[in-house]
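Residue numbers (mature numbering (1 follows the signal peptide of the UniProt record, and there is no 0)): -18 to -1, 1 to 190.
The beta carbon of each residue, even a glycine, is placed where N, CA and C say it ideally should be.
All figures in this text were calculated on a predicted structure; none of them were measured in a lab.
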Amino acid sequence: MKLYLVFLAIPFFTVSNASDIPDLFNILITQGSKECLAEAQDLVKKLKETKNQHDAEFGNIDILYNRKLMISLIDNFKSISSFIKSSNCSTSIFIKYFLDGAVFIGDQIYGEAFICLSEEDLEPKFTECANSMVPKDSEVLDYLKPVSFCVASKIQCSKEDQKALIVAVHAGVDLFEMFSNGKEILEKIEKNQMKLEFQPEKYAHLLS
């Protein structure tokens, strides 16, 4: 399990496939006021600019080990997220949630934990954990959270670095599940039935 599997749960945001970001958000922009549609299109434009900036570099999965470049991408996401302030537009709120989530995951992996995680051969550890924990004919994604604890326990990294890996995986799975129900979530936001805001503190208890 190399670092890219940490982002397996959010394929639309995975930095190894950044070109999908604008297209997948475009799918969600189907209705709303003129102001909200204009705001959403502006955000998608900014995402496309990020895509164009990084497309050439992301042709090789090894780029995920380029910490400097990845931090640059994370900073781009932060910048776009900061552009969305107190928007009442459901799509903008939705996009901000995922940007903030992607930034949070990126900070976990490309922060101090990266030094140790990048030196670990995680693939055999992931395979061992998955084989023992994931029932036959089941989706690995459904068990990725508990598997992350198993993998973390097998790496020679500090507890803080182990936690960073676990937290990144948990947040990634949550983002994927949220995106899978994107249209339903947007409807709830529009009807004021749901407040959507990424909450990093949700993961503070993991491996405490």
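> So does Q181 have its beta carbon nearer than 7 Å to some heavy atom of the ligand ADP?
Replying inline: No copy of the ligand ADP appears in this structure; indeed no ligand is present at all.
> With C98 and S140 assumed to form a contact (beta carbons below 8 Å), what rounded beta-carbon distance in angstroms separates them?
Replying inline: Here the question's residue 98 lines up with position 116 in the sequence shown. Here the question's residue 140 lines up with position 158 in the sequence shown. So it is a contact: roughly 7 Å between Cβ atoms.
>> Is it buried or exposed, S130, if we count other Cβ atoms within 10 angstroms and call 16 or more buried?
In response: Here residue 130 corresponds to residue number 148 of the sequence shown, with the count starting at 1. Per the 10 Å Cβ criterion, buried.
> Is L178 helix, strand or coil when you go by DSSP?
Replying inline: Along the sequence shown, read from residue 1 onward, the residue named residue 178 stands at position 196. DSSP places L178 in coil when its eight states are reduced to three.
> When you compare only the Cα positions, how much space is there between S120 and C111?
Replying inline: By one-based count along the sequence shown, residue 120 stands at place 138. By one-based count along the sequence shown, residue 111 stands at place 129. Going by the C-alpha atoms only, they are around 14 Å apart.
> When you compare only the Cα positions, how much space is there between C18 and S61?
Replying inline: Residue numbering aside, residue 18 sits at position 36 when the sequence shown is read from its first letter. Residue numbering aside, residue 61 sits at position 79 when the sequence shown is read from its first letter. Distance between the alpha carbons of C18 and S61 is about 19 Å.
> Nearest to L126 by CA position, among V155, E172 and L189, is which residue?
Replying inline: Position 144 of the sequence shown holds residue 126. With distances taken between Cα atoms, L126 lies closest to V155.
> Are T73 and L157 touching if we call contact CB-CB under 8 Å?
Replying inline: Numbered from 1 along the sequence shown, position 91 holds the residue referred to as residue 73. Numbered from 1 along the sequence shown, position 175 holds the residue referred to as residue 157. Cβ atoms of T73 and L157: not closer than 8 Å.
> Among the residues of its own chain, which have a CB less than 7 Å from the CB of H187, if the five just before and after it don't count?
Replying inline: On the sequence shown, position 205 is the one that residue 187 refers to. There are no such residues.
> Which residue's Cα is closest to the Cα of D89: C132, A134 and V149?
Replying inline: Translated into the one-based positions of the sequence shown, residue 89 becomes position 107. Answer by Cα proximity: V149.
>> Looking only at its chain, what residues have a beta carbon closer than 7 Å to the beta carbon of E21, apart from the 5 residues adjacent to it on each side?
In response: As a working note, residue 21 is residue 39 in the sequence shown. Around E21: S69, C71 and S74.
>> Assuming contact is defined by CB atoms lying nearer than 8 Å, are I77 and I87 in contact in what I supplied?
In response: As a position in the sequence shown, residue 77 is number 95, starting the count at 1. As a position in the sequence shown, residue 87 is number 105, starting the count at 1. Contact: no.
> Taking the alpha carbon of N48 as the point to measure from, which residue in G164, V151, G93 and F180 has its own alpha carbon closest?
Replying inline: On the sequence shown, residue 48 is found 66 positions in, with the first residue counted as 1. It is G93.
> What are the start and end residues of the alpha helix (DSSP H) that includes L168?
Replying inline: One-based indexing of the sequence shown puts residue 168 at position 186. Per DSSP, L168 belongs to the alpha helix (DSSP H) from G164 to E172.
> Less than 8 Å separating the beta-carbons of I53 and V85?
Replying inline: Counting from 1 along the sequence shown, the entry for residue 53 is found at position 71. Counting from 1 along the sequence shown, the entry for residue 85 is found at position 103. No, Cβ-Cβ distance for I53 and V85 is not below 8 Å.
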